[in-house]
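Trainee: Sharing a structure, written as structure tokens. Questions coming.
2 protein chains.
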Amino acid sequence: MKEGPNIARIATLIGDPGRANMLAALMSGKALTATELAGEAGVTKQTASAHLAKLKDGDLVVVEAQGRHRYFRLAGEEVAATLEALMGLAAAKGQLRTRTGPKDPELRHARVCYNHLAGEQGVRLYDGMLGHGYLRLGSNGLDLTQSGQELVGRLGIALDGNSRAPLCRECLDWSARRSHLAGRLGRAILQFTFEQGWAKRVEGTRIVRFTATGGAAFARAFKLT
Amino acid sequence: MKEGPNIARIATLIGDPGRANMLAALMSGKALTATELAGEAGVTKQTASAHLAKLKDGDLVVVEAQGRHRYFRLAGEEVAATLEALMGLAAAKGQLRTRTGPKDPELRHARVCYNHLAGEQGVRLYDGMLGHGYLRLGSNGLDLTQSGQELVGRLGIALDGNSRAPLCRECLDWSARRSHLAGRLGRAILQFTFEQGWAKRVEGTRIVRFTATGGAAFARAFKLT
DNA sequence: TCTATAGTTCGGCTATGATCGAACCATGTC
DNA sequence: GACATGGTTCGATCATAGCCGAACTATAGA
Chain U
1 MKEGPNIARI ATLIGDPGRA NMLAALMSGK ALTATELAGE AGVTKQTASA HLAKLKDGDL
61 VVVEAQGRHR YFRLAGEEVA ATLEALMGLA AAKGQLRTRT GPKDPELRHA RVCYNHLAGE
121 QGVRLYDGML GHGYLRLGSN GLDLTQSGQE LVGRLGIALD GNSRAPLCRE CLDWSARRSH
181 LAGRLGRAIL QFTFEQGWAK RVEGTRIVRF TATGGAAFAR AFKLT
Chain Y
226 MKEGPNIARI ATLIGDPGRA NMLAALMSGK ALTATELAGE AGVTKQTASA HLAKLKDGDL
286 VVVEAQGRHR YFRLAGEEVA ATLEALMGLA AAKGQLRTRT GPKDPELRHA RVCYNHLAGE
346 QGVRLYDGML GHGYLRLGSN GLDLTQSGQE LVGRLGIALD GNSRAPLCRE CLDWSARRSH
406 LAGRLGRAIL QFTFEQGWAK RVEGTRIVRF TATGGAAFAR AFKLT
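Heads up: the protein sequence lines correspond to chains U and Y, in order.
Sequential numbering of the first sequence, starting at 1, is according to this note's numbering.
Sequential numbering of the second sequence, starting at 226, is according to this note's numbering.
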């Protein structure tokens, strides 16, 4: 009965509180240095170094050396999606880390998930784009339809040409328990939202805060109800 | 930066090899007794008992006492979905447990995921039903449309009335890296497939083996290409 | 070249948690 | 009631792995 992939190694990797905190911090999508991650995890640099070596060895993070800094980021969308799934389980049993302060509702409403928009707004975007036929679930996965491409072009959303990563991808949302849009398109839309000034990131958190007019403009652009 | 659910506890729970094996065994959807699970994990009854107590305390499994047996099963679709996500990560880095024997391709082709169909066939079903408009992603999640309800009725698929669980749900597939259909409908369709004699489970594994005529009949029934 | 900072390596301490032997409770069978 | 089997509890053992102090390497800047 032991067919299938070896999940214990990966889960053990995520299971250490220090490493889990680091991964949670990296869910912001920013690349962080080893010392910054040490601060997040509440451990010394030596300990953090050991943890990061293990995460790297387990292919959960990738590292990019820049001068005397080493920047760490999540290894990809799949890692982010798995972390979201784990958060969903933890949230389901009431294991929220911070007691329901003002942060929690805001996190549920709109937040960054690795590099795209999550939370209620992310789910709303995903549903709306499917409902209007901008996205379609075809036999090759999630597709951007003809009308979807027109929308992207009309709004002037810049898709980077790095075509290795899939254009569209779904990611399961821990707060709404529904899918939202990831992939290159998901990233581009979040980027676009910031550039338009519709929303800003709250410094030091994963919260995305829409302005009143920005929220309306966002909904209008994607025809969300 | 420590907002959000506490994932470390859950991941630690899954991270022990013994518990991971138990959970993997429970992905077959069958309810297993404590001694059976001890055998799966390769530990003694005492150890298994301790593990199962922790899994139960962490709400990953539920237990049902029947006479002097205690049957364990996964706590729900979310748990299964999370395990699939972890398997996806593990598979991505080539961490397959069994060396690519004959089992592995069959597992990828069609298998049981908790209580519904997964693997290439599961993904194919999901995509086809969306493509033909039997399913739709609406604002309340995945919906069975009018024509979908007609299809279900015409085929004579029995949906149990236990309406607590959602009718349709997506579950991310570790082998195909795509979504497949879970929820009450997903369970009913798998059940129906077995009842029609289109496929059988390979004893002691999660493999679902379609007969030649059964595979064709399955594709015809749901208009899969 | 000297200094400050980023990060790693090494060694030893410690604690958590997995493991099992043995005894114990509970349910069903004869 | 005696007995077998499923399962839990307790206690002791043992290994793994997290942790940090201290020493070390590497890059940047003056």
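Ideal Cβ positions, reconstructed from N, Cα and C, are used throughout, including at glycine.
(1) Quick one, which of U:L130, U:I157, U:L142 has its alpha-carbon nearest G363 (chain Y)'s?
(2) Assign Y296 (chain Y) to one of three DSSP states: helix, strand, or coil.
(3) On a Cα-Cα basis, can you pick out the residue from U:L155, U:Y114, U:G197 that is closest to A221 (chain U)?
(4) Would you mind working out which of U:D57, U:D59, U:E84 sits nearest A176 (chain U), comparing C-alpha positions?
(5) Against chain U, which members of the segment 265-297 of chain Y pass a CB distance test of less than 8 Å?
(6) Per DSSP, which one or two residues make a beta bridge with I432 (chain Y)?
(7) Give the DSSP-derived three-state secondary structure of S179 (chain U) in the structure shown.
(8) Once you ignore the five residues that flank E265 (chain Y) on each side, which residues in its own chain have a CB closer than 7 Å to its CB?
(9) So which of Y:P230, Y:A437, Y:G439, Y:T450 has the shortest CA-CA distance to L107 (chain U)?
(10) With H, G and I counted as helix, E and B as strand and the rest as coil, what does DSSP make of A165 (chain U)?
(11) In the segment 163-185 of chain U, which residues sit with their C-beta less than 8 Å from some C-beta in chain Y, listed in chain order?
(12) So, for R70 (chain U): in the same chain, excluding its five sequence neighbours on each side, which residues have a beta-carbon less than 6 Å away from its beta-carbon?
(13) Can you tell me which of U:S28, U:D173, U:R68 puts its alpha carbon nearest to the alpha carbon of R206 (chain U)?
(14) For G119 (chain U), return the contacting residues in chain Y, with the cut-off set at a CB-CB distance below 8 Å.
(15) Might you give, ordered along the chain, the residues of its own chain that have their beta carbon closer than 6 Å to the beta carbon of L37 (chain U), omitting 5 neighbours on each side?
(16) Would you identify the three-state DSSP class for K270 (chain Y), choosing helix, strand or coil?
(17) Per DSSP, what are the beta-bridge partners of T82 (chain U) in this structure?
(18) Measuring only the C-alpha atoms, how far is G186 (chain U) from E170 (chain U)?
(19) Which residues of the segment 226-247 of chain Y have a Cβ closer than 9 Å to any Cβ of chain U? Give them in chain order.
(20) At what residues does the alpha helix (DSSP H) containing V123 (chain U) begin and finish?
Mentor: Inspection of the coordinates gives the following:
(1) U:L130
(2) strand
(3) U:L155
(4) U:E84
(5) E265, G283, D284, L285
(6) Y:R336
(7) strand
(8) N246, M247, A250
(9) Y:P230
(10) coil
(11) E170, L172, W174, R177, R178, S179
(12) A34, V63
(13) U:S28
(14) Under the 8 Å cutoff, chain Y gives no residues; its nearest Cβ is about 11 Å from G119 (chain U).
(15) M22, A48
(16) helix
(17) DSSP lists no partner for T82 (chain U).
(18) 9 Å
(19) M226, K227, E228, G229, P230, N231, I232, A233, R234, I235, A236, T237, L238, I239, G240, D241, P242, G243, R244, A245, N246
(20) 120-131
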